[in-house]
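Line by line, the protein sequences give chains Z and D. For the first sequence, position 18 (counting from the first letter as 1) is numbered 12 according to this note's numbering, and the numbering increases by one without interruption. Counting the second sequence from 1 gives a position; this note's numbering is that position plus 46. Virtual Cβ for every residue (Gly too), placed ideally from N, Cα, C. Only one structure is covered here, and it is reproduced in the block below.
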Amino acid sequence: MVPTGYYMALSAALFAIGVAGVVLRRNVIVMFMSIELMLNAVNLAFVALGRGFGTADGQVIVFFVITVAAAEAAVGLAIMLAIFRSRETINADELNLMRW
Amino acid sequence: MPLWLFGFLAALSIVSALGVILQANPVHSLLALVMTLLAVAVLFIGLGAVTLGFIQAIVYAGAIMILFLFVIWLLNLQAEAGIAGGRLARRFFGAIAAAALMGELFAILSRAPSGGNLEAPAGYGSIHNLAMLLFSDYLVAFEVTSLLLLAAVVGSIALARRPAGARDGAVAPPRAAGSR
């Protein structure tokens, strides 16, 4: 059987890749996908630790995370549509309306 | 789950996660993300969380990713610059920061208690087990989640709607290339 620590290591690697995507990419949609990647890394840690402690609570939390991610994706993509309609770009560097 | 299968799925998910952030074309990034999600779904099933694995494959890799795909097509973003954009210094420090974060996470998580239970208990990830928990201990959170989804539906319609009086055409024509 695979020890829980291996899953935690994989989760850490996926999370760091997601952080790198948010920092390095300037396309808002790809930054958004990187956030989904981070959520997914945390989900993996939840499920692995839930098995490690023999409780199903970790799975319930992941269930909620998936639901919240769906809501977040819907609202975020709607915001992107609205931004694109007025600015014709979704490059994070060019969206400087709120920068002082 | 045998160790070789875990190794294969872990390598697959990491390579496709790197694909998400390295591909220049957002559609390719999205397909790499779907691959990552499916690999993690199989990992869930291997951990005993069977219901959750299928929910991940159907809802996450199916529905949410299609939403992303629709928006990419709607905004016509297939040909965007990849990681090359931005100043060199920022990219350099971004990569350093991400690598440092990974090291930190490894250092902390290797010391975290992990329970040590390698076999999932009987009926661990079944719908019955999950539903018993969801509709007893987590009932309030469940109901709040339904409210959240309703708010998200209304909010995204309100946000994505064309303002009243707007012309019934496509999005505004793209700006000239020089103005970017």
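One Cα belongs to Met(-5) of chain Z, the other to Ala166 of chain D, and the distance between them is close to 11 Å.
Counting along the chain, the unbroken alpha helix (DSSP H) around Asp51 of chain Z starts and ends at Asp51 to Arg81. Under the DSSP assignment, Tyr0 of chain Z falls in the alpha helix (DSSP H) whose first and last residues are Thr(-2) to Leu18. In this structure, Ala68 of chain Z keeps its C-beta atom at 8 Å or more from the C-beta atom of Leu93 of chain D.
By the C-beta criterion, the segment 187 to 203 of chain D is judged to be in contact with the segment 54 to 67 of chain Z, since at least 3 inter-stretch pairs fall below 8 Å. Within the segment 58 to 70 of chain D, Ser59, Ile60, Ala63, Leu64, Val66 and Ile67 place their CB atoms closer than 8 Å to a CB of chain Z, listed in sequence order.
Per DSSP, the continuous alpha helix (DSSP H) segment holding Arg137 of chain D begins and ends at Leu134 to Leu155. Remark: C-beta atoms of Met32 of chain Z and Gly12 of chain Z approach each other more closely than 8 Å. One alpha carbon belongs to Arg93 of chain Z, the other to Ala76 of chain Z, and they sit about 19 Å apart.
Under the Cβ criterion of 8 Å, Gly201 of chain D is counted among the residues facing chain Z. Judged by their CB atoms, Leu179 of chain D and Val54 of chain Z are nearer to each other than the 8 Å cut-off. Phe152 of chain D belongs to the set of residues whose beta carbon lies under 8 Å from a beta carbon in chain Z. Under the 8 Å Cβ criterion, the segment 17 to 25 of chain Z counts as touching the segment 66 to 84 of chain D, having at least three qualifying pairs. The bridge partners DSSP lists for Asn85 of chain Z are Z:Asn21.
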